[in-house]
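Right, one structure below, let's go through it.
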Amino acid sequence: MCQLKEKHNPQEIFNNLWKCGSVQQPKIWSLWKITKDFEGKRNLELGAGNCPRIPVKGGYFLDTSGEAMRNLERSGGISVIGDVVNLPFENNLFDLLAGFEVLEHIENDEKAFSEIARVLKPSGFFLFSVPLRQELFNEIDLLGGHKRRYEVAELEELLSKNGFRILKYRGPSFYIKIFNKLGRPFIASGLRNGRVKNSLKDFILPRFIFNLHYQILSFFERKGAPKWQTDTKDLSRYKENWIVMLCQKNE
């Protein structure tokens, strides 16, 4: 069982992170090819922080971080501080609901999937990503406040149970794979033995460095993004440690 050497507060870490920089435009990410088609529609993104993927102006954003919500409001978003397991919205409201690296943080993820289905319109779209393969769960997951890493079969069951069908999916970019292969084990080892300090409540980056970091990251994310797969029968053979899925709610 993995554990961190120092106590930490994931919420503190994220609040501090969002203080550092500006809201990044969603067009810098590869998923903009999908989300741009929803401009002018009613969209909701969960846990976007400073890195939204849906169109910001007029978009709805829900987070537990006041810092993130204030930043998104200043950029034209409609922000709500709330909980994914009790979404403060009426039934059948949204055309698109997105959440990237969110569901693994939720204790009662079954309720979260149910709530997501409830607020989406019939035939609405659910675009999300999660880490996979519980055997890879390590100190980095703990630092980020993860409750789990998913298995593909588990995702398929949760989606089907809540009235979703999977339209397409893909794995991480080539460059992110390199980081996962080389960087994650090194950082996890440092967290385990205390060489890397995991309490980041006083960690502040200059704004220009924060923004530059995301510009570089998004460049490699776009350039190395793999092709989407539409044959869901192949999912049983999927071996990557991360996945993004586009799903549609039944009519």
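Quick note, in our numbering, the sequence shown goes up one by one and the last residue is 298.
Note that beta-carbon positions come from the ideal geometry of N, C-alpha and C, so glycine has one too.
For a minimum of 3 consecutive residues, which ranges assigned as the beta strand (DSSP E) are wholly contained in the region 55 to 126?
Counting only runs of 3 or more, we get 90 to 93, 107 to 110.
To which residues does DSSP link Y216 through a beta bridge?
According to DSSP, which records beta bridges pairwise, Y216 is partnered with Q276, M292.
Among L190, L189, I213, E186, which residue has its Cα nearest to the Cα of V199?
V199 has its Cα closest to that of I213, out of L190, L189, I213, E186.
How should R196 be labelled, buried or exposed, when 16 other C-beta atoms within 10 angstroms of its C-beta is the threshold for buried?
That one is buried.
Tell me whether R117 is buried or exposed, calling it buried when 16 or more other Cβ atoms sit within 10 Å of its Cβ.
Counting Cβ neighbours within 10 Å, R117 comes out exposed, since fewer than 16 surround it.
Ends of the beta strand (DSSP E) at D142?
Segment 141 to 147, the beta strand (DSSP E) holding D142.
Pull up the CB-CB distance for S126 and L119, whole angstroms please, since I reckon it's below 8 angstroms.
Rounded, the Cβ-Cβ distance is 5 angstroms, consistent with contact.
Within 10 angstroms of the Cβ of L259, are there 16 or more other Cβ atoms? Answer buried if so, exposed if not.
It counts as exposed.
In the DSSP assignment, the alpha helix (DSSP H) including V166 goes from what residue to what residue?
Unbroken alpha helix (DSSP H) run through V166: 156 to 166.
Suppose the cutoff is 7 angstroms on Cβ atoms and the five residues either side in sequence are ignored; what does the same chain contact list for E154 look like?
Hits under 7 angstroms: K194.
Across which residues does DSSP place V199 in a beta bridge pair?
Paired residue(s): none; V199 is not in a bridge.
Taking the alpha carbon of N209 as the point to measure from, which residue in Q295, L190, G94 has its own alpha carbon closest?
It is Q295.
Mapping the DSSP letters down to three states, classify F136 as helix, strand or coil.
Here F136 sits in coil by DSSP.
Rounded to whole angstroms, what is the Cα-Cα separation between N297 and L189?
C-alpha separation (whole angstroms): 35 angstroms.
Between which two residues does the alpha helix (DSSP H) carrying L33 extend?
Within the shown structure, residues of the chain are numbered from 48 to 298, placing residue 33 beyond reach of any answer.
Apart from the five residues on each side of it in sequence, which residues of its chain come closer than 7 angstroms, Cβ to Cβ, to E287?
If we look at E287 and ignore the five residues flanking it on each side, its Cβ neighbours are L179, G218, P219.
Would you mind giving the Cβ-Cβ distance between G87 and G106, rounded to the nearest angstrom? I have them listed as a contact below 8 angstroms.
Not confirmed; about 10 angstroms, so no contact.
Relative to the C-alpha of I290, which residue among G129, V177, Y222 is closest?
Among G129, V177, Y222, the Cα nearest to that of I290 belongs to V177.
Could you compute how far the alpha carbon of E137 sits from the alpha carbon of W275?
Their backbone Cα atoms lie some 32 angstroms apart in a straight line.
Of the choices V132, L143, E114, F141, whose alpha-carbon is the least far from that of E151?
Comparing Cα-Cα distances from E151 to each of V132, L143, E114, F141, the minimum goes to V132.
By DSSP's criteria, L264 is part of a beta bridge. Which residues make up the other side?
According to DSSP, which records beta bridges pairwise, L264 is partnered with nothing at all.
Per the contact definition of three or more C-beta pairs closer than 8 angstroms, is the region 141 to 148 in contact with the region 87 to 105?
Counting Cβ pairs under 8 angstroms, three or more are found: they touch.
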